[in-house]
Amino acid sequence: MPISKPRYRRVAARDRFDERDNVQARNTYEPGSEVYRSFYATHPEWEGVDQAIRDLPGLGRVGEPLDQLLLAQEMEALLRLSGEDVVDGPVAGVPVPLEPGRASLKIRAFARHLGADQVKIGPLDPANVYSHIGKTWGDPARPWGKPIALSHPFAISLAIGLNPEMIRTGPVLSETIEVMRVYGRLALAATTLAAYIRSLGYGARAHVMPNYQVLTVPVAIDAGMGELGRHGLMITKELGSCLKLATVTTELPMDMDAPVDIGVEEFCRDCRICAQSCPGGAIPHGEPKCVRGVEKWAINPEACFKVWNETGTDCGVCMASCPWTKPRTRLHRLAAEIASRKWRAGWWMSRVERLVYGPFRPKAMPGWFEKEPGVWRKYRRLG
Ligand code: SF4
Ligand code: SF4
679 MPISKPRYRR VAARDRFDER DNVQARNTYE PGSEVYRSFY ATHPEWEGVD QAIRDLPGLG
739 RVGEPLDQLL LAQEMEALLR LSGEDVVDGP VAGVPVPLEP GRASLKIRAF ARHLGADQVK
799 IGPLDPANVY SHIGKTWGDP ARPWGKPIAL SHPFAISLAI GLNPEMIRTG PVLSETIEVM
859 RVYGRLALAA TTLAAYIRSL GYGARAHVMP NYQVLTVPVA IDAGMGELGR HGLMITKELG
919 SCLKLATVTT ELPMDMDAPV DIGVEEFCRD CRICAQSCPG GAIPHGEPKC VRGVEKWAIN
979 PEACFKVWNE TGTDCGVCMA SCPWTKPRTR LHRLAAEIAS RKWRAGWWMS RVERLVYGPF
1039 RPKAMPGWFE KEPGVWRKYR RLG
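Here my numbering is used: the first residue of the sequence shown is 679, the next is one more, and so on.
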C-alpha cells in the first residue's frame, strides 16, 4: 500500500555514513600502509577484529581453483563496468526539455528494457550519500578519504531478482556466482541508463557494485520499492529478499513513486527465521535500535563479514531462509499478497514455513561446480 512517508522512524538527526568505516573497506587497508596508519590511529577499537578477519582465507579464496576462477572473472568484468569513467561522464550541452511525467515514464520503461525487474524513482536524501570514499579498488579517480559531493535531487532504484534456487545453495561459491551475475547485469543497466540521461543534458551517475556513493537500500526504500527486514536487507512484495540493487542519481526532474507499507516490520517482529539461521549470529533477535538517527534492526557487520571471509563467499543464508524469498510461482505471489495485509501474518506464516520447510537446509551445489571443502560443510550444518 502506498503511504506518504517511509515507515522507518527517524529519532535523531542523521549523519552521513563514512565509507572508510565500512567493514569491507577496512579489510582492504594493508598493514604498514599510510591508509592503515591513518585509519587505525583514529579507530584503534577496530584494529584487532579487522586483523583477525584479514587472517582468514578471504573472499573468493575458498573452494576448488576451477570455481574460484569463475568468481574472479565475474569480478574482473564488474571492475571494468564500475570504473569512475563508466559510472559518470560528460553531460551533453543543452538539456532536452522533458516534462517530468514523460521523463519518468521513459526512464522506467528503458530501465526495464535493460533488464531491471523493479524500477522506482524517489528523492535522494543527502543522509544516504557517503561522506568520504573508502573503497578505491586501486582506481586513482577514487582517492581514499576524498569527501563526496553529490547533489543530485533524484534517485532511480533498479532491482534484479536472484535465482532463489542458486541462492539456497549458500554459503558456498555457487551462491556468490549468482550474486555476481546479477551485479554485472545491474551495472550494465545502470551505467547505460545514466549515460542516456547525460546525453539528454542532465547530470547522472550510476552507483553499482563496487563503486557506490549512496546507500542503495535506504534509497530504494525511500523510493517505495520495499521495506527493511530484520536481516538488514530490503524486502519487496515481488522479489522478497532475493534481489540486488543499483542506483542512478540524477538532476533530471521526474515524477516520483510513493513509499510503501507491505507489512514487513510486523512480519519480522514475529518471524526471526533469518536470525536463527544466520551462521555468524550476526542478525538480532530483539527489538530495533537507533542507528545513525533511524530506529531499525541492524546486523553485526564484523560477525557477518567473518563468515564471508571464512567461507570465501558472501554467504546469503539470510536471503535464502527468509519466507519472502520463494520461486515466483502463483502460489507464492498469493502468499506474499496475504503477508502484506498483516493480520499477524509473520506469526502464523513463519510457523507454516517451519512446518512445511523445516529449519533452513542449504541445497546442493549444481553439478557443474566442483566438490565442497570442509569449511562449507561445517557452515551448512550450522545453517
Ligand atoms: S550473510 Fe550470512 S552471516 Fe551475514 S547476516 Fe546473512 S546469514 Fe548472517
Ligand atoms: S527471515 Fe523473517 S525476520 Fe528475517 S527478514 Fe525475513 S521475514 Fe524478517
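By construction, the Cβ of each residue, glycine as well, lies at the ideal position given by its N, Cα and C atoms.
Listed in chain order, the alpha helix (DSSP H) elements of length 4 or more contained wholly in the region 834-874 are 842-845. The way I'd put it, the region 1038-1058 does touch the region 736-743; three or more beta-carbon pairs between them come closer than 8 Å. Contact between L749 and F832 does not hold, since the beta-carbon distance rounds to 34 Å and is not under 8 Å.
For K798, there is no enclosing alpha helix (DSSP H); the enclosing beta strand (DSSP E) has its first and last residue at Q796 to P801. In the DSSP secondary-structure assignment, N806 is not bridged to any residue.
Taken through DSSP and simplified to helix, strand or coil, I681 comes out as coil.
Taking G771 as the centre and dropping the five residues before and after it, the same chain places the C-beta of G879 closer than 8 Å to its C-beta, in chain order.
In the DSSP assignment, H885 falls outside any alpha helix (DSSP H) and lies within the beta strand (DSSP E) extending over A882 to H885. Within the DSSP secondary-structure output, P825 pairs in a beta bridge with H810.
Annotated three-state conformation of I913 is strand, per DSSP. If you draw a straight line from the Cα of T991 to the Cα of G736, it comes to about 8 Å.
A Cβ-Cβ distance of about 7 Å is found for the pair Q702 and K813, placing them in contact under the 8 Å criterion.
Contact between the region 997-1016 and the region 1029-1048 is established, with three or more Cβ pairs separated by less than 8 Å. With contacts defined as CB atoms closer than 8 Å, L906 and S919 fail to qualify as a contacting pair. With respect to the C-alpha of T914, the residue from H963, S835 and T720 having the closest C-alpha is S835. Distance check between P849 and each of V1030, G881 and K984 places K984 closest, using alpha-carbon atoms only. Per DSSP, A924 is one residue of the beta strand (DSSP E) stretching across L921 to T928. The region 793-813 and the region 752-760 do not touch, with fewer than 3 CB-CB distances between them shorter than 8 Å.
Within the chosen limit of 7 Å, ligand 2 does not reach the beta carbon of G839 with any heavy atom. For L866, the closest of G761, E943, G959 and E944 by C-alpha to C-alpha distance is G761. Secondary structure note for K984: its alpha helix (DSSP H) is the uninterrupted segment P979 to T989. Taking each of P957, A981 and D803 in turn and checking the Cα distance to L828, the smallest one comes out for D803. For C968, the enclosing beta strand (DSSP E) begins and ends at K967 to V969. Residue range P743 to L759 is occupied by the alpha helix (DSSP H) that includes E754.
Between P957 and W975, the gap from beta carbon to beta carbon reaches 8 Å or more. Less than 8 Å divides the Cβ of D696 from the Cβ of S809. Using a 10 angstroms sphere on the CB of D693, the tally of other CB atoms stays under 16, which defines it as exposed.
A distance of 8 Å or more separates the beta carbons of V807 and A868.
By the C-beta criterion, the region 962-971 is judged not to be in contact with the region 1004-1020, since fewer than 3 inter-stretch pairs fall below 8 Å.
Between G816 and L921, the C-beta gap is not smaller than 8 Å, which leaves the two residues out of contact. Restricting attention to Y686, D766, R1011 and R1032, the CA atom closest to the CA of R876 is found in D766.
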